[in-house]
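>
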Amino acid sequence: MNRVRLYWMLQLLGWGGFAFVNIFFASLSQGISAVQLWAFVVLAAFYLISTHAMRHVVKSYGWFKMGIFRLLVQTILALLALSVVNVLAQILINLAFGTLNPNEDFRSLVIAVNLFVSFLYYAFWFLLYFLFHFLDNYNNSLKYEAKINEIRLNHLKSQLNPHFIFNALNSVRALVDEDPEKAKSAITRISNMLRFSLMMDKKQVIDFADELSTVKDYLALESIRFEERLEVIYQVEEEAFGYKIPPMMLQTIVENGIKHGISNLVKGGLIEIKCREGLQEELYIQVKNSGYLNPNSFKSQKEGAGHGIENTRQRLKLLYGDQASFRIFNSGNQFVITEIKIPKQRVTLE
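Heads up, my numbering is the position in the sequence shown plus 4, with the first residue counted as 1.
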């Protein structure tokens, strides 16, 4: 519903209800004449007009941009001013409708009670209006933040595609002249990987099984290129297949291990992938690769183009916040271990 239309609907319902309640109880206690009925209607109309005028002042002078102390002081002063004006309006309305009783209506106690009651009505209106405004702004902020996060995620995913395709094609190129049969097998795997790459562009998370299948295709390609220099071990629990993970996340970690670890070793090395379910329904992924993580080179990568490790870290933060964790560290001088924890129920960006 349009915000302006909703505002007027609530105004009319609220102050219309105020008039109805006053008329109802007045008729129960002592009966009510047509003149008194219209006096209550006009009073409700005055409340509506005065609160709408106050809303205009609040918006025109940017009250919501003020500090909390200044906003509180100005609100109290506005409530007092509105209450005084309202009491004067009640006197004028009673005078106009011939229902004014000077001996009763001008008593100090009656005026004080009317001021207090008017203050309460206006304070209640201010509370509801401020609450509606802040909730509406908060909701808009969440939508804006979600949209920005979605744009960031799409940007991060678009960074991965060229990098992923480039590495895969390099693997095939090395095989074309050496072993045509293996090259054909490699091209089939490349086709599977490219199809997966195109499909994953529209998704924030995918089935773990789909990601693992692509990783297996990639490692099969690398095994052809490295031959006996690459050893691959999978330790994947059945429960892991009930999870969804960000596309290309595991693929990126494995690529990182091949490129920065095993490729730099004359004798090659090991890639070990372990996946298990935790006690509180979270997926633990561990990728172990031969090599050594140089803190200085890792820092330069983090400050660079944004591929690989830092890309994965950012995507996890955007999707899961503090529910996910990521760390990479050396295990002695021979292995690098990357550990990721992902919750079963992801945070959706709508």
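The beta carbon of each residue, even a glycine, is placed where N, CA and C say it ideally should be.
Given this structure, state the Cα-to-Cα distance separating T256 from T316, to the nearest angstrom.
Their backbone Cα atoms lie some 8 Å apart in a straight line.
> Look up V209 in the DSSP assignment and say whether it is helix, strand or coil.
Three-state DSSP puts V209 in coil, outside helix and strand.
> Output the distance between the C-alpha atoms of H60 and F24, rounded to the nearest integer angstrom.
Roughly 26 Å separates the two Cα atoms.
> Would you report the Cα separation of K348 and F170, rounded to the nearest angstrom?
The alpha-carbon atoms of K348 and F170 are separated by roughly 32 Å.
> Check whether the segment 112 to 132 and the segment 76 to 94 touch, using three or more Cβ-Cβ pairs below 8 Å as the test.
As far as the Cβ criterion goes, the segment 112 to 132 touches the segment 76 to 94, which means the pair count is three or higher.
> So F339 and N293 are in contact, right, with Cβ under 8 Å, and what is the actual spacing, rounded?
Confirmed, Cβ separation roughly 7 Å.
> Tell me the residue span of the alpha helix (DSSP H) that contains K69.
First-last for K69: undefined, no H or E at that position.
> So, at 6 Å on beta carbons, what are the nonlocal neighbours of N26 in its own chain, with the 5 sequence-adjacent residues on each side left out?
F44.
> Does G273 come out as helix, strand or coil in the three-state DSSP assignment?
In the structure shown, G273 sits in a strand (DSSP, three-state: E or B).
> List the whole-angstrom C-beta distance separating A224 from R193, where the pair is believed to meet the contact cut-off of C-beta under 8 Å.
Yes, A224 and R193 are in contact; Cβ-Cβ is about 6 Å, under 8 Å.
> With a cut-off of 8 Å, does the C-beta of A224 fall near any C-beta of chain B?
You won't find chain B in this structure, because it holds only one protein chain.
> If you scan the segment 226 to 268 from start to end, which runs of the beta strand (DSSP E) of 3 or more residues do you find wholly inside it?
List check, beta strand (DSSP E) in window: 234 to 240.
> Check for me: the beta strand (DSSP E) holding N293 runs from which residue to which?
E286 to S294 is the extent of the beta strand (DSSP E) around N293.
> Can you give the beta carbon distance from I277 to Y238, rounded, assuming they're within the 8 Å contact cut?
5 Å between Cβ atoms; contact.
> CA-CA distance, R319 and E215?
Spanning the two alpha carbons is a distance of roughly 16 Å.
> Quick one: using the 10 Å Cβ neighbour count with 16 as the cut-off for buried, is S56 buried or exposed?
Per the sequence presented here, residue 56 reads as His, with Ser not at that position. With fewer than 16 other Cβ atoms within 10 Å, it is exposed.
> Is the CB-CB distance between I275 and V236 below 8 Å?
It is a contact, given that the beta carbons lie within the stated cut-off.
> Using a 10 Å radius around the Cβ and a threshold of 16 neighbouring Cβ atoms, would you call E242 buried or exposed?
Classification of E242: exposed, given that the 10 Å Cβ count is below 16.
> Where do the N-terminal and C-terminal ends of the alpha helix (DSSP H) with E108 fall, by residue?
Residues P106 to D109.
> According to DSSP, is T192 helix, strand or coil?
If DSSP states are grouped into helix, strand and coil, T192 belongs with the helices.
> Using only alpha-carbon positions, find the residue among I266, G336 and L254 that is nearest to I346.
Measuring from the Cα of I346, the nearest candidate turns out to be L254.
> Name the one or two DSSP bridge partners that N334 has.
DSSP output for N334 lists V340 as bridge partner(s).
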